[in-house]
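Q: Taken in order, these protein sequences are the chains called G and H.
Counting from 1129, one number per residue, gives the positions in the first sequence under my numbering.
Counting from 4, one number per residue, gives the positions in the second sequence under my numbering.
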Amino acid sequence: GAVVSQHPSRVICKSGTSVKIECRSLDFQATTMFWYRQFPKQSLMLMATSNEGSKATYEQGVEKDKFLINHASLTLSTLTVTSAHPEDSSFYICSAAPGLAGARPYEQYFGPGTRLTVT
Amino acid sequence: GQNIDQPTEMTATEGAIVQINCTYQTSGFNGLFWYQQHAGEAPTFLSYNVLDGLEEKGRFSSFLSRSKGYSYLLLKELQMKDSASYLCAVRETRRGDYKLSFGAGTTVTVRA
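#1: What's the C-alpha gap between Ser1211/G and Ile1140/G?
#2: List the endpoints of the continuous beta strand (DSSP E) containing Thr109/H.
#3: I'd like to check one pair, Leu77/H with Ile20/H: are the Cβ atoms closer than 8 Å?
#4: Inspect the beta-carbon positions of Gln40/H and Cys91/H and report whether they are closer than 8 Å.
#5: By Cβ distance, which residues of its chain are closer than 8 Å to Thr96/H, with the 5 residues on each side in sequence left out?
#6: Using a C-beta to C-beta distance shorter than 7 Å, which residues of chain G count as neighbours of Ala45/H?
#7: Does the beta-carbon distance from Leu1202/G to Ala1158/G come in below 8 Å?
#8: Assign Gly4/H to one of three DSSP states: helix, strand, or coil.
#9: Rounded to a whole number of angstroms, what is the C-alpha to C-alpha distance between His1213/G and Gln1170/G?
#10: Based on DSSP bridge pairs, tell me the residues matched to Val93/H.
#11: Is Gly56/H close to chain G, meaning its C-beta is less than 8 Å from at least one C-beta of that chain?
#12: Helix or strand or just coil, what does DSSP make of Glu44/H?
#13: With a threshold of 8 Å, are at least 3 pairs of Cβ atoms found where one atom belongs to the segment 40–56 of chain H and the other to the segment 1178–1196 of chain G?
#14: Using the beta-carbon of each residue, which ones in chain H are nearer than 7 Å to Gln1170/G?
#15: Rounded to whole angstroms, what is the Cα-Cα separation between Arg69/H and Gly56/H?
#16: Are any of the Cβ atoms in chain G nearer than 8 Å to that of Val102/H?
#17: On the CB-based measure, 16 or more other CB atoms within 10 Å of its CB, does Val1131/G come out buried or exposed?
#18: Note the first and the last residue of the continuous beta strand (DSSP E) segment covering Phe63/H.
#19: List, in chain order, every chain H residue whose beta-carbon is nearer than 9 Å to that of Leu1174/G.
#20: Per the DSSP calculation, Gln22/H is bridged to which residue(s)?
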């Protein structure tokens, strides 16, 4: 149980285009989803927290107009990188939290990640 | 805010034991997680501590001292497949979001 999928797993796009990444909880409902970014040999940096049906909360320094997050249902959140630039190339990982219904309160289950390369 | 510190790299031989330390400073502490991450993959859950003491799960054990802001992950009987990055993550109650803050990770290399 507690499987989270991400699509696509890898994407290459040209500078200036937009890319959408999907995060799905397959066998549970996620009240909260988190989006992280990880640069090579660095740790996960939280970008934003997404709650179903409400606006995402962005961490300091993360541009909300550039990284659009939509949490349309209890099983799906999307991250759209708008007007991507080479410096946006990174490993993007989502996690989903079942909230109090989880085995451990608010434990996060991670997706497999999306490798974005902007050329 | 929080500062989470762990060593950058550790090397050990197959069959040995390695201890990865993690120190943290945070307000509203609400649990500490250890994750394993292989290169290019997402983190996988290893352990969770919210009370002081040792949690043992097979070859992996995790210890927490809240008063010292200190945890360690103990890996016993090391196997080659244990070569990975180990992330210490602290959960804090802030605005009810239960966010996780991650350390930079410790890369463990297991040698034959």
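Glycine included, each C-beta is placed from N, C-alpha and C at the ideal position.
A: Taking the definition as stated:
#1: Cα to Cα, the separation comes out at about 13 Å.
#2: Bounds of the beta strand (DSSP E) holding Thr109/H are 109–114.
#3: Against a cut-off of 8 Å, the Cβ pair of Leu77/H and Ile20/H comes out as a contact.
#4: No.
#5: Gly31, Asn33, listed in sequence order.
#6: Simply Ile1221, Phe1238, Gly1239, Pro1240, Gly1241.
#7: Yes, they are a contact pair.
#8: For Gly4/H, the predicted model reports a pLDDT of 43, less than 50, meaning its position is unreliable and no value from the coordinates is stated.
#9: Between the alpha carbons of His1213/G and Gln1170/G lies a distance of about 20 Å.
#10: Residue pairing by DSSP puts Val93/H in a beta bridge opposite Leu35/H, Ser104/H.
#11: It does not; no Cβ of chain G falls within 8 Å.
#12: In the three-state reduction of the DSSP assignment, Glu44/H falls in the coil class, being assigned neither a helical nor a strand state.
#13: With contact defined as three or more Cβ pairs closer than 8 Å, the segment 40–56 of chain H and the segment 1178–1196 of chain G are not in contact.
#14: Going along chain H in sequence order, the residues near Gln1170/G (Cβ under 7 Å) are Ala107.
#15: C-alpha separation (whole angstroms): 9 Å.
#16: The residue asked about is misnamed: residue 102/H is Lys in this sequence, not Val. Closer than 8 Å: yes.
#17: Around the beta carbon of Val1131/G, fewer than 16 other beta carbons lie within 10 angstroms, which makes this residue exposed.
#18: Run containing Phe63/H: 63–68, per the beta strand (DSSP E) assignment.
#19: Simply Lys102, Leu103, Ser104, Phe105.
#20: Gln22/H pairs with Leu77/H.
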